[in-house]
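Read the structure below first, then the notes.
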Amino acid sequence: MKSFQVILAIAGILLIAGVYVIYPPLPFSNSHSLTIPEGNYFYHIDLSITKLGHISGTFSDSSCNGIIVYVMDDGQFQNLKAGLSTSSLFSTTGTNGGFSANIVSPGSYHLVLEHDLNTAQQTVQISYQVDGMNLVFLGTGIGLIVAGVALVLVGRRSRQRYEPPRKHSDVILFDKPPENNPQPATPTP
Amino acid sequence: MSSSEKKIGLIPKIVVASRMGPSEYALLITDKRSIFILEKSSKAGLAGAVGGVIGAAIAQAAATRKTFDYANESIDNLAINPKNIVVPHDSLQSFRLRKKAFLNPVFRMQIEYQYENGKSKKLKTLLSPPSEHLKQRKQEGVGRKQIHYDYMSKVLEAYKQALSPPRYETVIGSE
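Note that the protein sequences, when read in sequence, are chains A and B. Basically the working numbering = 1-based index in the first sequence + 3. Basically the working numbering = 1-based index in the second sequence + 1.
This is the structure:
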C-alpha cells in the first residue's frame with residue numbers, strides 16, 4: 004500500500020466517523036403517570052444520553068401539594084442519593100409547570116421528583132423529551148470532517164507524485180501524419 | 002495474430018462501469034481486434050457499500066493508474082493480460098454511440114460481440130476524455146460539448162480505418 008493510499012484511507016475513516024458523529028439522532032419523548040410514595044422518598048427517571056443536547060418537559064401534580072422537579076447529571080444524582088447537599092442543572096417547584104436543561108456532555112442524566120409541602124403520597128403526570136444537538140458531538144464531528152478533508156488534500160497531492168502523467172491524452176491514429184495527430188510530448192527531466 | 006496485425010488507433014480513456022465500481026481502460030484498436038487495456042480499477046462499489054458516498058469517493062481517489070507505452074508495446078503482450086478485454090472485430094455484432102443524456106455531453110459506447118461460447122456479450126462504456134485533454138482543449142477555448150463530440154468522432158474515425166467499409170456499414174451505428 005502506497006503512502007497516499009494510507010493517507011486517503013485514514014481520511015475516509017475520519018470523514019465517515021465525522022459524518023456519523025455529527026449526524027443528529029432522532030429525538031425521543033416519553034410520558035409517565037407515577038406515584039411518589041408517602042414518606043421521605045423521591046422518584047427518578049434515568050436517561051442515558053449520548054448525542055442529544057437538551058431535556059425538556061412538563062409535569063402536573065394531581066394532589067395539589069406541589070412537587071420539586073430536578074434535572075441532574077450523574078454526579079449530582081449520586082450526591083442526592085447519598086443524602087449530601089447538591090446542585091442541579093435545573094430545578095422548579097409547583098403543582099404543574101415545565102422544565103428545561105441543556106446537556107453539555109454525553110452521560111447519564113436523571114429527572115428527579117420530590118415531595119414539596121408535605122410527604123403524603125402524590126400522583127404526578129410527567130412528560131419529557133430529549134432532543135437538540137450536543138455541542139461536544141457537533142464540535143468533534145466538525146473537527147473530524149475538517150481533518151478528513153485536510154488529509155484528502157494531502158493524499159491527492161501525494162498521489163500526483165506517484166501517478167505518472169498519461170503519455171497520450173488524445174486519441175491517436177497511428178498511421179496519420181504527425182501534424183494531424185497529437186503525439187505524446189517528450190518528457191523533460 | 003500479431004504477425005500482420007497493425008495498430009490503427011488508441012483511445013486513451015474509456016470508462017467501464019461494473020459492480021465493483023468504474024474502471025478506466027485505454028482502447029487499442031488494431032485492424033483485427035479492439036483491446037481494452039485496464040489502466041485503473043477501483044473498489045469504489047465495495048467501499049461504497051461500507052462507507053457510502055464518502056467511502057466510494059475515497060476508494061476511487063486511492064486507485065492508481067498504470068500506463069503503457071502503447072506505441073511500442075507488443076499487441077500480443079497487451080492482449081494476453083487476463084485483466085484486459087479483447088474483442089475480435091470478426092465477432093463484432095453491433096457498435097453504438099449515443100449521448101449519455103440531454104445535458105451531459107459524455108458519449109456512451111456500446112459494443113455487442115459474440116463471446117467464446119457463442120453467446121452475445123454487451124460492453125457498455127463511456128467515452129470520457131482524460132482530464133489533461135479536457136484542460137488543454139478548454140484552454141484553447143473549445144466548449145465541453147464540442148470536446149466530447151470531437152473525442153467521439155475520433156473514435157469513429159479509428160473504427161472506420163480498422164474495419165472494412167462493408168463491415169463498418171453493417172456494425173456501426175450512432176445517434
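All C-beta atoms, glycine included, are put in the ideal place defined by N, C-alpha and C.
Within chain B, the residues whose beta carbon sits less than 9 Å from that of V22(A) are G53, I55, listed in sequence order. The C-alpha of I148(B) lies about 36 Å from the C-alpha of K120(B). What A159(B) touches in chain A, judged by beta-carbon distance under 7 Å, is V174, L176, going in chain order. Only P130, P131, E133, H134, Q137 from the region 126 to 150 of chain B bring a Cβ to less than 8 Å from some Cβ of chain A.
At a cut-off of 8 Å, the C-beta of R160(A) has no neighbouring C-beta in chain B.
Taking the Cα of V127(A) as reference, the smallest distance to any Cα among Y23(A), S63(A), L55(A) is reached at S63(A). Spatial neighbours of G10(B) in its own chain (CB-CB distance under 6 Å, excluding positions within 5 residues in sequence) are listed in chain order as I30, A159.
D91(B) sits in a helix when the DSSP states are folded into three classes. Contact annotation for E41(A) against chain B: no contact, minimum CB-CB distance about 56 Å [criterion: below 7 Å].
Contact between E25(B) and E6(B) does not hold, since the beta-carbon distance rounds to 24 Å and is not under 8 Å.
With at least 16 other beta carbons inside 10 angstroms of its own, A48(B) counts as buried.
With a beta-carbon spacing of about 7 Å, V72(A) and L114(A) fall inside the 8 Å limit used to define contacts. In the same chain as A20(A), and ignoring 5 residues on each side of it, the C-beta atoms closer than 7 Å to its own belong to L147, in chain order.
Think of a sphere of 9 Å around the beta carbon of Q163(A): no beta carbon from chain B falls inside it, the nearest being about 11 Å out. The C-beta of V156(B) has 16 or more other C-beta atoms within 10 Å across all chains shown, which makes the residue buried. Rounded to whole angstroms, the separation of the alpha carbons of K67(B) and K123(B) is 25 Å. Closer than 8 Å to the CB of L11(A) there is at least one CB belonging to chain B. Residues of the region 11 to 36 of chain B with a C-beta less than 7 Å from any C-beta of chain A: L11, I12, P13, listed in chain order. Sixteen is the threshold: when 16 or more other Cβ atoms of the shown chains lie within 10 Å of the Cβ of R138(B), as they do, the residue is buried.
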